[in-house]
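Structure first, then comments.
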Amino acid sequence: MRHKEIFEKQKEFYLTGKTKEIAFRLESLRKLQSAIKRYEPDITTALKKDLHRSEFDAYLSEIGPTLDEIKYVSKRLKTWAKPRKVPTPQVLMGSKSYVYPEPYGLTLIISPWNYPFNLAVMPLIGAIAAGNCVTLKPSEWAPHTSQVIMQMIKGIFEEEYIAVIEGDVETSKALLDLPFDHIFFTGSAQVGKTIMEKAAQTLTPVTLELGGKSPVIIDKDANIELAARRIVWGKWLNAGQTCVAPDYVLIHEERKDVWLAQLKQEIARFYGTDPLTSENYGHIVNERHFSRLEAFLADGEIVIGGKTDAQRRVIEPTVLTGVSWEAPVMQEEIFGPILPVFTYTDLDEAIAEIRKKEKPLALYFFSENEQNQEKVIRSLPFGGGCINDTIVHIGNPHLPFGGVGTSGLGNYHGKYSFDCFSHEKAIVKQTTQFDMPLRYSFTKNALNWLKKFYG
5 MRHKEIFEKQ KEFYLTGKTK EIAFRLESLR KLQSAIKRYE PDITTALKKD
55 LHRSEFDAYL SEIGPTLDEI KYVSKRLKTW AKPRKVPTPQ VLMGSKSYVY
105 PEPYGLTLII SPWNYPFNLA VMPLIGAIAA GNCVTLKPSE WAPHTSQVIM
155 QMIKGIFEEE YIAVIEGDVE TSKALLDLPF DHIFFTGSAQ VGKTIMEKAA
205 QTLTPVTLEL GGKSPVIIDK DANIELAARR IVWGKWLNAG QTCVAPDYVL
255 IHEERKDVWL AQLKQEIARF YGTDPLTSEN YGHIVNERHF SRLEAFLADG
305 EIVIGGKTDA QRRVIEPTVL TGVSWEAPVM QEEIFGPILP VFTYTDLDEA
355 IAEIRKKEKP LALYFFSENE QNQEKVIRSL PFGGGCINDT IVHIGNPHLP
405 FGGVGTSGLG NYHGKYSFDC FSHEKAIVKQ TTQFDMPLRY SFTKNALNWL
455 KKFYG
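By the working numbering, the letter at position 379 of the sequence shown is numbered 383, and the numbering carries on one by one without gaps.
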């Protein structure tokens, strides 16, 4: 089969050592950058067809961040790729110690449909920078974007170096049967478990970028206007089909009504009085997900939105109150435009409720109280997040992006992407000018000397 042939070609090409050359890596990143700029109109059109994404949102969430990542990585790659000298303990006197970053070799990237360009190309940038060969499997649920990615990559790289393989879940299964040196997957926790189980058979290292129910806490003293605006932006970007989107809100009971009123105003500002027809509002990816989300509308009282258009697969920005913690909408990541809202009377109460659940990929806290900010950050485990904002933490290349527990394994972005696709090889360069005798058992009083060194 074709994917096996490509795998063998990549194995042969990797052994030439070409991908390890810094000049080759930098040139590959330059080619990718130029191609993205050339293909920008095609990428934008494809995203519109697949997800009804506006040109503004396409650039903000997909094209712009990838170009910025290439620029950031290219500027620093030479430094990252150099062997790094580290301290050597006195017991190894005469030697020097180094860390050599080394590419894994052949890496498989399986990307999702919700940000089909960004979440395919972002890890690809890290894999190229680290010196790997790559097989990229884009999502079949975003077919137009997948086709553009394939055309773009085919036009600048030989498949012995970087190949795009399209197909359904059976294609992914076939690729996972190959002995890749590293697997990078973005998607659901359920599929992530399957991939990790498969990788365990060959002890292949994996990076899993998953999701979870990312909460928002709104404190009693929060700036209500900004909290409403920034939550609307973060929640309903891509119609809520974002792994770090706010999944539900916990708000102090005294601020609930005023916040809901402000939230309604902000939704209208973003998407007009009829979001179902807005050109700036995303559509649900397919009928299966539309039906799943539509069923959640019965899990509480609809206080904002609630209208749907099954033919166009659109659900208004919808807010639910009176939701039970045991309701179906609270048993899985919503991944859509529905926002359940709960109230609390004491911050410890909100923290305790979140602790009952799996560790989320993101958490957002709106508060003017610095002590409360630190309390939330230190009291709850989560992948990453923001104080007084949503989602923007993923736009900083100096920060790692990744989950913990069921929300993910490993991280990437910026230097963390280079590290993600690299193995750090430990090297001690020992002197031959003399030989330290105390490590040998036949040396007189060797044990006493060792105890002095280590004690």
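Ideal placement from N, C-alpha and C gives every residue a C-beta, glycine not left out.
Contact set for residue i: own chain, Cβ-Cβ below 7 Å, skip 5 residues either direction
i, result
"residue 397", "388, 389, 390, 403"
"residue 255", "222, 263, 345, 347"
"residue 145", "117, 289, 290"
Beta-carbon gap between residue i and residue j smaller than 8 Å
i, j, result
"residue 104", "residue 429", "yes"
"residue 290", "residue 57", "no"
"residue 206", "residue 424", "no"
"residue 137", "residue 119", "no"
"residue 222", "residue 259", "yes"
"residue 68", "residue 107", "no"
"residue 306", "residue 244", "no"
"residue 412", "residue 201", "no"
"residue 351", "residue 376", "yes"
"residue 302", "residue 160", "no"
"residue 326", "residue 304", "yes"
"residue 363", "residue 435", "no"
"residue 121", "residue 55", "no"
"residue 450", "residue 458", "no"
"residue 188", "residue 113", "yes"
"residue 370", "residue 231", "yes"
"residue 26", "residue 85", "yes"
"residue 268", "residue 235", "no"
"residue 417", "residue 401", "yes"
"residue 233", "residue 174", "no"
"residue 312", "residue 298", "yes"
For residue i, the three-state DSSP class (helix, strand or coil)
i, result
"residue 18", "helix"
"residue 138", "strand"
"residue 308", "strand"
"residue 192", "coil"
"residue 404", "coil"
"residue 207", "coil"
"residue 241", "helix"
"residue 333", "helix"
"residue 272", "helix"
"residue 182", "coil"
"residue 338", "coil"
"residue 252", "strand"
"residue 352", "helix"
"residue 283", "coil"
"residue 120", "coil"
"residue 68", "helix"
Residue i, buried or exposed, once every other Cβ within 10 Å from all chains shown has been counted against 16
i, result
"residue 218", "buried"
"residue 431", "exposed"
"residue 141", "buried"
"residue 419", "buried"
"residue 185", "buried"
"residue 265", "exposed"
"residue 485", "Nothing about residue 485 can be reported from this structure: the residues present for the chain run from 5 to 459 only."
"residue 88", "exposed"
"residue 220", "buried"
"residue 65", "buried"
Cut-off 8 Å between Cβ atoms - residues of its own chain near residue i, not counting five sequence neighbours on either side
i, result
"residue 28", "22"
"residue 10", "139, 163, 164, 167, 169"
"residue 92", "99, 100, 101, 432"
"residue 437", "98"
"residue 153", "120, 121, 124, 125, 140, 142, 168"
In DSSP terms, what residue i is bridged to
i, result
"residue 58", "For residue 58, which the question treats as bridged, DSSP gives no partner whatsoever."
"residue 369", "221, 391"
"residue 106", "427"
"residue 101", "90, 432"
"residue 213", "190, 412"
"residue 438", "Answer by DSSP bridge pairing: none, since residue 438 is not bridged."
"residue 344", "324"
"residue 114", "141, 189"
"residue 33", "According to DSSP, which records beta bridges pairwise, residue 33 is partnered with nothing at all."
"residue 313", "318"
"residue 167", "139"
6 Å Cβ shell around residue i - same chain, five flanking residues per side excluded
i, result
"residue 383", "355"
"residue 342", "300, 322"
"residue 395", "238, 248"
"residue 257", "347, 349"
"residue 109", "18, 185"
"residue 441", "447"
"residue 32", "132"
"residue 158", "none"
"residue 407", "214, 365, 387"
"residue 14", "110, 137, 164"
heavy atom of the ligand NAD below 7 Å from residue i C-beta
i, result
"residue 389", "Ligands in the displayed structure: none, and consequently the ligand NAD is not present."
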